[in-house]
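See structure below.
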Amino acid sequence: MVRVFHNNDLNQVTWELRAMGGAPKFEQSPSLPDISYADTARLFGVDAITVDGPADLTAA
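Residues 133 to 192 in our numbering are what the sequence shown lists, from first letter to last.
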């Protein structure tokens, strides 16, 4: 099982700094475009499901 969390930040470290310490986003850090990661996985032949909220977990 692989999970992909879209947090609008390419850099895990800057995300953790904001989450833990309230530090502002490091603006020079590239951000990821808004894409469907499940659709991308399917292009590679991987079964994938998008979960947008708790109600989607049962189907996943």
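All C-beta atoms in this analysis are idealised placements derived from N, C-alpha and C, irrespective of residue type, glycine included.
Note that this is a predicted model, so its numbers are computed, not measured.
- Item | Contact under 8 Å by Cβ, Ala173 with Ala180 | Yes. Within cutoff.
- Item | Where Val85 falls: helix, strand or coil (DSSP) | Residue 85 lies beyond the residue range present for the chain, which begins at 133 and ends at 192; the question has no answer from this structure.
- Item | Pairwise C-alpha distance: Ala191 and Met133 | Answer to the nearest angstrom: the Cα atoms are 15 Å apart.
- Query: Hey, Leu175 and Val183 are a contact pair by Cβ (cut 8 Å); roughly how many whole angstroms apart?
  - Reply: That belief does not hold up - the Cβ atoms of Leu175 and Val183 are roughly 19 Å apart, past 8 Å.
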